[in-house]
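Asks: Here you go, one structure.
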Amino acid sequence: TCQAQPSVSQEFELFVRVAPEITDVPADVVVDELFNASFTCVATGRPRPNITWWRLESNDSVVQQVTNEENKTSITTMPMGEREVTSTLTILWVNASDGGMYSCVADNEAGNTSASATLTVHVDTSITFPPDGYIVYTNEFTPAEFQCI
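So in the working numbering, spot 143 of the sequence shown is number 145, and the numbers just go up one at a time.
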């Protein structure tokens, strides 16, 4: 309230914008192929920030936004009070091509900030040659060669 003499007053509301701050950064994840991997990001700000997820492609120059994609990715965002938000990105049935760097970006009217984590996918080695059901014969002291992936 502001008052002046002789008795004039004016009320007003001051809204202070606060740039986002990531208070809980996503952690690096190591997962076996065909399991799920999750990253969580918590941000505060005023107004409450929005969180989006991005993936840095392997050539380090292409950035792609990650969205909810049926049977592949799930993003869950939960407001926590007036200033905080939690967002979790889950990558379903991870395969080797999902590995790489993922970033959460928190933004509001006052600015933006980001934090990144790396997904490492362990892939089991498998023998692709000879095909299943084949028997390989070799002479003593002669190596048998198999192609591994």
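Backbone N, C-alpha and C define an ideal beta-carbon position, used for all residues, glycine too.
No experiment lies behind these values; they were computed from the predicted model shown.
1. Is Ser11 buried or exposed, if buried means 16 or more other CB atoms sit within 10 Å of its CB?
2. What separation, rounded to the nearest whole angstrom, lies between the Cα atoms of Val27 and Glu142?
3. Would Thr2 and Val107 be called neighbours here (beta carbons separated by less than 7 angstroms)?
4. May I have the straight-line CA-CA distance separating Glu23 from Thr78, to the nearest angstrom?
5. When we look at the beta-carbon of Pro81 and count the other beta-carbons within 10 Å, is it buried (16 or more) or exposed?
6. Return the chain-ordered list of same chain residues with a C-beta closer than 6 angstroms to the C-beta of His124, the five sequence neighbours on each side being excluded.
7. Going straight from the alpha carbon of Val31 to that of Ser76, what length do you get?
8. Throw me the rounded Cβ distance for the Gln66 and Glu72 pair, which I believe falls under 8 angstroms.
9. Please state if the CB of Arg50 and the CB of Arg19 are separated by a distance shorter than 7 angstroms.
10. For Asp100, which residues of its own chain have a beta-carbon under 8 angstroms away from its beta-carbon, when the five flanking residues on both sides are left out?
11. So within the stretch 52-126, which uninterrupted beta strand (DSSP E) runs reach at least 3 residues, ignoring any that extend past its ends?
12. Just checking my contact of Ala163 with Ala21 at CB under 8 angstroms: how many whole Å lie between their CB atoms?
13. Give me the Cα-Cα distance between Val68 and Thr144, rounded to the nearest whole angstrom.
Replies: The structure says:
1. Position 9 of the sequence shown, counted from the first residue, corresponds to residue 11. By the neighbour-count criterion, in which 16 or more other beta carbons inside 10 Å mark a residue as buried, Ser11 falls on the exposed side.
2. The residue labelled residue 27 in the question sits at position 25 within the sequence shown. The residue labelled residue 142 in the question sits at position 140 within the sequence shown. Each residue's Cα considered, the two are about 57 angstroms apart.
3. Since the first and last residues shown for the chain are 3 and 151, residue 2 lies out of range.
4. Within the sequence shown, numbered from 1, the residue matching residue 23 stands at position 21. Within the sequence shown, numbered from 1, the residue matching residue 78 stands at position 76. Approximately 19 angstroms, taken between the alpha carbons.
5. As a position in the sequence shown, residue 81 is number 79, starting the count at 1. Answer is exposed; the Cβ neighbour count stays below 16.
6. Along the sequence shown, one-based indexing puts residue 124 at 122. Once the five neighbours on either side are set aside, the close Cβ partners of His124 are Asp34.
7. Within the sequence shown, residue 31 is the residue found at index 29, counting from 1. Within the sequence shown, residue 76 is the residue found at index 74, counting from 1. Cα to Cα, Val31 sits roughly 16 angstroms from Ser76.
8. Sequence index remark: in the sequence shown, residue 66 carries index 64 (1-based). Sequence index remark: in the sequence shown, residue 72 carries index 70 (1-based). With 8 angstroms as the limit, Gln66 and Glu72 do not qualify as a contact, their Cβ atoms being about 17 angstroms apart.
9. Reading the sequence shown from its first residue, position 17 is the one you call residue 19. Reading the sequence shown from its first residue, position 48 is the one you call residue 50. No, the pair does not count as a contact, with Cβ atoms beyond the cut-off.
10. As a first step, residue 100 is located in the sequence shown; it is residue number 98 there, counting from the start. Once the five neighbours on either side are set aside, the close Cβ partners of Asp100 are Ala39, Ile93, Leu121 and Val123.
11. 52-58, 65-68, 75-82, 86-93, 102-110 and 113-124
12. A question about residue 163 goes unanswered here, because the residues of the chain that appear run from 3 up to 151.
13. Residue mapping note: residue 68 aligns to position 66 of the sequence shown, counting from 1. Residue mapping note: residue 144 aligns to position 142 of the sequence shown, counting from 1. Rounded to the nearest angstrom, the two C-alpha atoms are 51 angstroms apart.
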